[in-house]
Each structure stands twice: as structure tokens, then as C-alpha cells.
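S.K.: Residue numbers (the numbering used here): 1 to 427.
Each residue gets a CB set at the ideal place from its N, CA and C atoms; glycine is no exception.
Remember, predicted model here, so these are calculated numbers, not experimental data.
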Amino acid sequence: MSSMKRASGVSLIAVVCLHPGTLRGQNATQGPVTITLDQAIELALQQNHSLLANRTNVQQNLAQEVTANLRPNPTLFADWAYLPLTTPDGGWGAYLHDLSEIDAGMSYTIERGGKRARRLQAAKDTTTVTRSQVVDNERTLTYQVASDFINVQLASSMVDLAQQNLKSFQDTVDVAQNQYRAGGISENDFQKIKLQLMQFETDLETARLTRAQALSDLRQQLGYESIPADFDVSGVFEYQPLAVNLDQLQAKALDNRPDLRAAVQGITAAKSQLELAKANGKQDLGVTGNYSHVNAGNRVTFAVNIPLPIFDRNQGEIARTQVAITQARQQEAAARGQVLTDVKQAYDALASSDRVAQMFRTTYLDVAQRSRDISEYSYRRGAGTLLDFLDAERSYRATQLAYRQAIATYMTAIEQLRQVVGTRSLP
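(1) Would you grab the beta carbon distance between R112 and Q322 for me? Rounded to a whole angstrom, and I think it's under 8 Å.
(2) For the beta strand (DSSP E) containing G113, name the first residue and the last one.
(3) CA-CA distance, I185 and R380?
(4) Could you check where the beta strand (DSSP E) with N295 kicks off and where it finishes?
(5) Quick one: is K432 buried, meaning 16 or more other Cβ sit within 10 Å of its Cβ, or exposed?
(6) Inspect the beta-carbon positions of L285 and V304 and report whether they are closer than 9 Å.
(7) When the Cα atoms are used, what is the spatial distance from R24 to D232?
(8) By Cβ distance below 7 Å, which residues in the same chain neighbour V294 in space, the five residues on each side in sequence not counted?
(9) Count the other CB atoms, across all protein chains shown, that sit within 10 Å of the CB of T128; report buried if there are 16 or more and exposed otherwise.
(10) In terms of DSSP beta bridges, what is F302 paired with?
(11) Along the chain, where does the beta strand (DSSP E) containing F77 start, and where does it finish?
(12) Can you list the alpha helix (DSSP H) stretches of 4 or more residues lying completely in the region 354-392, in chain order?
(13) Under 8 Å from any heavy atom of the ligand HEM, does the C-beta of N305 make it?
(14) Which term fits L43, buried or exposed, when burial requires 16 or more other beta carbons within 10 angstroms of its beta carbon?
(15) Just to check my reading of the structure: L253 and V343 have Cβ atoms closer than 8 Å, yes? What is that Cβ distance to the nearest angstrom?
(16) Can you give the Cα-Cα distance for S216 and F169, rounded to whole angstroms?
(17) What runs of the alpha helix (DSSP H), each 4 residues or longer, lie entirely inside the region 234-269?
(18) The alpha helix (DSSP H) with N48 in it runs from where to where?
(19) Would M359 be called buried (16 or more neighbouring beta carbons within 10 Å of its own) or exposed?
(20) Could you check the C-alpha separation between A68 and I150 for me, to the nearest Å?
(21) Give me the residue from Q248, P309, R313, G297 with the minimum Cα distance to V421.
(22) Could you check what DSSP says for G93 in three-state terms: helix, strand or coil?
(23) Name the DSSP bridge partner or partners of S107?
(24) Rounding to the nearest angstrom, what Cα-Cα distance links P427 and Q240 in this structure?
(25) Just how far apart, CA to CA, sit G21 and P228?
(26) Identify, in the order they occur along the chain, each residue of the same chain with its Cβ nearer than 7 Å to the Cβ of R55, setting aside the five sequence neighbours on each side.
(27) Let me know if T126 comes out buried or exposed under the rule of 16 or more other beta-carbons within 10 Å of its beta-carbon.
(28) Residues in the same chain with beta-carbon distance under 7 Å from L276, minus the five sequence neighbours each way, listed in chain order, please.
(29) When you compare the CB positions of A81 and P88, do they come within less than 9 Å of one another, or not?
(30) Can you tell me the Cα-Cα spacing of G384 and Q144, whole angstroms?
(31) With a CB to CB cut of under 7 Å and the five nearest residues on each side skipped, what residues in its chain are close to A28?
(32) Whose CA, out of Y403, A402, G266, I374, lies closest to the CA of F389?
(33) In whole angstroms, what is the alpha-carbon distance linking M198 and L365?
(34) I need the straight-line Cα distance from D38 to R424, nearest angstrom please.
(35) Which residues in the same chain as Q397 place their Cβ atom closer than 7 Å to its Cβ, once the five residues preceding and following it in sequence are excluded?
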């Protein structure tokens with residue numbers, strides 16, 4: 001994401017934190033909060049709770065790196081044997097010096113095979129994979145926010161269309177009422193027209209409900225409490241042509257997709273686990289130093305022990321991690337193929353939605369508009385039938401709704417393409 005976009009998002013977050021009254025619509029001069037798509041994405045990346053929870057996986061892995069780098073603790077031991085329960089002959093001092101037995105010492109395990117270094121490297125490689133997985137979660141969230149944002153724009157467009165249709169048809173009802181009063185149409189025809197008004201009023205209420213639900217879905221993605229309930233969106237909702245090249249898109253996706261990067265890093269992590277398994281197959285060396293006081297004599301003892309690797313040489317874990325490398329390579333190959341497939345499908349979807357939007361823009365919007373205008377003109381002057389007029393009105397409304405759906409589908413296809421490429425900057 002560019003520095004300019006990130007700065008705009010940070011500015012929005014700063015406003016959220018520093019001016020809560022304004023964002024909750026409490027400042028009459030400011031009014032409700034309006035956000036752009038870039039601001040919505042940045043806010044979600046900062047405030048979405050599911051993403052924040054996933055990011056803690058990196059912190060947990062960093063803590064595991066600390067654990068992996070720890071050395072074994074030394075063991076301190078001591079004992080004092082043969083203490084009498086009553087006062088010994090000659091007193092305690094003589095007894096403790098001449099007759100008691102005291103042992104004190106320390107043991108330490110010396111790890112062989114570079115276990116600590118292998119543990120640390122394996123932990124670091126796991127953290128690297130986790131970081132890429134979190135970035136992939138960010139990629140998915142970005143698409144979801146963009147998709148929900150477009151749904152809000154579509155719903156707002158539907159509200160505007162429903163209001164326009166209602167006003168236009170209300171004018172028609174007014175004209176029909178005047179015609180009825182003047183005896184130009186029958187009462188039955190007037191009632192049919194008036195009854196049709198209910199459909200337009202219902203469309204408006206449905207559009208308003210859809211918009212409210214779309215805003216709620218978007219708010220959930222942004223972090224429910226991070227933005228006020230009366231927020232709105234701002235952005236262009238129209239067809240904007242986009243020229244892209246499939247080969248360039250696929251090449252960029254192979255460079256940018258974090259899930260593919262995680263799969264590649266997974267091979268490295270699997271190799272680190274194999275090296276750790278081999279290191280764990282090396283037997284550790286135990287070193288002990290012991291001081292003994294026995295019968296007035298002081299002695300020091302040193303001991304060294306090491307298990308004989310006759311049976312257990314960690315063969316099973318070594319074999320498992322070798323197979324895990326093969327598994328990781330297959331997963332990387334599958335991820336690479338999935339990236340190319342995703343880009344191809346998203347590219348085809350964009351091309352298809354582009355053709356549909358172009359059909360509406362070049363032909364069917366004008367046809368529906370002209371058909372409606374001609375039918376309305378004819379009906380108001382008594383040259384057309386009520387059935388023809390109502391049918392043209394329904395066709396116009398259906399065409400306008402379908403066109404707005406086509407625009408939303410096209411814009412969503414662009415966001416889908418950005419998601420599968422792994423960047424919002426398309427070549």
C-alpha cells in the first residue's frame with residue numbers, strides 16, 4: 001500500500017481516537033462520518049478484531065523463539081545424612097565433623113549436535129511462515145472490506161433509483177387522477193395505476209433496508225466500536241474501464257501472493273525441522289561435580305554420563321520430517337497452481353462483467369429509457385394502453401436495477417482481481 005494511502009488511513013484512525021464526539025455525530029457542524037474505500041481498508045487493517053487476533057500468532061511465535069534459545073538449567077543437589085534424633089555423645093560439633101555425611105553438588109546437561117541453534121532456527125522459520133499467513137489474512141480482509149463497501153454503494157444507488165422511480169410514477173398517478181376526473185380514463189384504469197404505486201413504495205423500503213444491512217456488515221469488518229453507527233461511504237459508483245494483461249497479472253501474482261510465499265517458506269521451515277530432528281538424535285552429555293564430607297574427610301567427585309544411542313536415535317522423527325519436506329514441496333506446487341488459476345478465473349470474470357456492463361451502456365439503457373418515455377407519452381395522450389405503459393415501466397425499472405447490479409459485479413471483479421494478484425496496484 002502506498003505511503004499516501006497509509007497516511008490517509010492513519011489520519012482517519014487519529015480522528016477516531018482523538019475526536020470521538022465528532023465521529024459519533026455529536027458535533028453538529030461536522031455531521032456524520034464519511035469514509036472512502038482506502039480509508040475503510042486502512043481502518044479495517046488497524047481495528048478488525050479477527051485480524052488483530054491473528055496477528056497475536058506472530059507474537060506467540062516470537063515468544064517461542066525465546067523458549068527455543070534457552071539453555072538447560074543446571075541442577076543443584078545436597079543431602080545431610082545420619083543426623084541423630086538426640087544429642088550425640090561428645091556434642092553436636094564433634095559429631096557433625098567426625099561422623100556425619102554431607103554431600104553437595106551440581107549437574108549440567110551439555111547439549112550436543114547444535115540443538116539450541118537448530119531449535120532457534122526452526123522457531124524463526126515458523127515465525128516467518130506465520131508472518132506471511134497474517135499478511136494473507138490482511139489480503140482476504142481487504143477484499144472483504146472492498147466487497148462490503150461496494151455493496152453499500154450498490155444499495156445507495158438502489159435507494160436513489162427507487163426514489164426517482166417513485167417520484168416519476170407519482171407524477172404519472174397525478175396525471176392519471178386528472179384524467180380520471182376529466183373523464184379521460186375509467187376508474188378501473190386509474191385504480192390500477194394507483195395500485196402500481198405500492199410496488200414503487202415497497203422497492204424504496206426494501207432498498208433502504210438493504211443499505212442499512214450493508215452498512216452494518218461493513219461496520220463489522222471495520223471494527224464495530226471503531227466507527228459510529230451513522231457513518232456513510234463516499235466513492236464513485238460507475239463503470240470505469242480497466243485494461244489488464246493476463247500474463248502480467250499472473251507474473252505479479254507469483255511475486256506478491258503471501259499464501260504462495262508462506263508455502264515457499266514452509267519448505268524452509270520443514271528443512272529446519274529435519275535438521276532439528278537430526279540434532280535431537282545426538283545424545284546429550286551429563287556432567288556432575290560433587291563435594292562429600294564423610295567421617296571427617298573432604299572429597300570431590302566428578303562424573304560424566306552419556307546415553308548409548310543403541311536403540312533410540314530419533315529415527316522416527318527424522319523419517320517423519322523428511323516426508324514433511326516432500327509434503328511442503330507438494331503444497332508449494334499446489335499453491336503456485338492455485339495462484340495461476342485464481343488469476344485466470346478473476347481475469348475471465350472481469351472480462352465477462354465488462355462485456356455485460358458495456359451492453360447495458362451502449363444499448364439496453366437507452367432502449368429501456370426510450371420505450372418507457374414513448375409508452376408514457378402515448379398513454380398520457382390517449383394513444384397507448386395502460387397495459388403497454390405499465391409493462392414499459394416494469395421493463396425500465398428492471399433494466400436499471402440490472403445495470404446497477406452489473407456495475408457492482410464489475411467493480412467487485414476488479415477487487416477480486418486485486419485480491420488474487422496480491423496487491424491493489426494492478427499492472
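M.R.: This is what the structure gives:
(1) Separation of the CB atoms of R112 and Q322 is rounded to 21 Å, and the pair is thereby denied contact status at 8 Å.
(2) Segment: none, G113 is in no beta strand (DSSP E) and carries neither H nor E.
(3) Rounded to the nearest angstrom, the two C-alpha atoms are 10 Å apart.
(4) Unbroken run through N295: none, as it is neither H nor E.
(5) Since the first and last residues shown for the chain are 1 and 427, residue 432 lies out of range.
(6) Result yes, Cβ atoms of L285 and V304 sit closer than 9 Å.
(7) With a pLDDT of only 39 at R24, under the threshold of 50, the placement of this residue in the model should not be trusted; the figure read from the coordinates follows. Near 12 Å, if we compare the C-alpha coordinates of D232 and R24.
(8) The answer, listed in chain order, is E101.
(9) Buried: at least 16 other Cβ atoms inside 10 Å.
(10) Paired residues: G289.
(11) The continuous beta strand (DSSP E) containing F77 extends over residues 75-81.
(12) If we require 4 residues or more, the alpha helix (DSSP H) runs fully inside the region 354-392 come out as 365-380.
(13) This structure lacks the ligand HEM, and indeed carries no ligand of any kind.
(14) Flag for L43 reads buried.
(15) The question names Leu, but residue 253 in the sequence shown is Ala. Yes, they are in contact, since the Cβ atoms of A253 and V343 sit about 5 Å apart, within 8 Å.
(16) S216 and F169 have their C-alpha atoms roughly 31 Å apart.
(17) Taking only runs of at least 4 residues, the alpha helix (DSSP H) segments lying wholly in the region 234-269 are 246-256.
(18) Where N48 is concerned, there is no enclosing alpha helix (DSSP H), because DSSP gives it neither an H nor an E.
(19) With a 10 Å radius around the Cβ and a threshold of 16 neighbouring Cβ atoms, M359 comes out exposed.
(20) Taking the CA atoms as reference points, A68 sits about 46 Å from I150.
(21) Closest by alpha carbon: Q248.
(22) The three-state secondary structure of G93, taken from DSSP, is helix.
(23) Beta-bridge pairing links S107 to T75, T288.
(24) Between the alpha carbons of P427 and Q240 lies a distance of about 16 Å.
(25) Note that G21 scores a pLDDT of 38, beneath 50, so its modelled location is shaky; the value from the coordinates is reported in the next line. Going by the C-alpha atoms only, they are around 10 Å apart.
(26) Only V134 meet the Cβ criterion.
(27) T126 comes out buried.
(28) Excluding its 5 nearest sequence neighbours in each direction, L276 has C-beta neighbours in its own chain below 7 Å: R118, R119, A122, listed in chain order.
(29) Going by beta carbons, A81 and P88 fall outside the 9 Å limit.
(30) Cα to Cα, the separation comes out at about 48 Å.
(31) The predicted position of A28 is uncertain, since its pLDDT is 38 and thus under 50; a value taken from the coordinates is nonetheless stated next. Contacts found: none.
(32) Minimum Cα distance to F389 is reached at I374.
(33) Those two C-alpha atoms are separated by around 24 Å.
(34) If I take the Cα positions, the gap works out to 10 Å.
(35) For clarity, residue 397 is Arg in the given sequence; the question names Gln instead. Cβ neighbours of R397 beyond the five flanking positions: N165.
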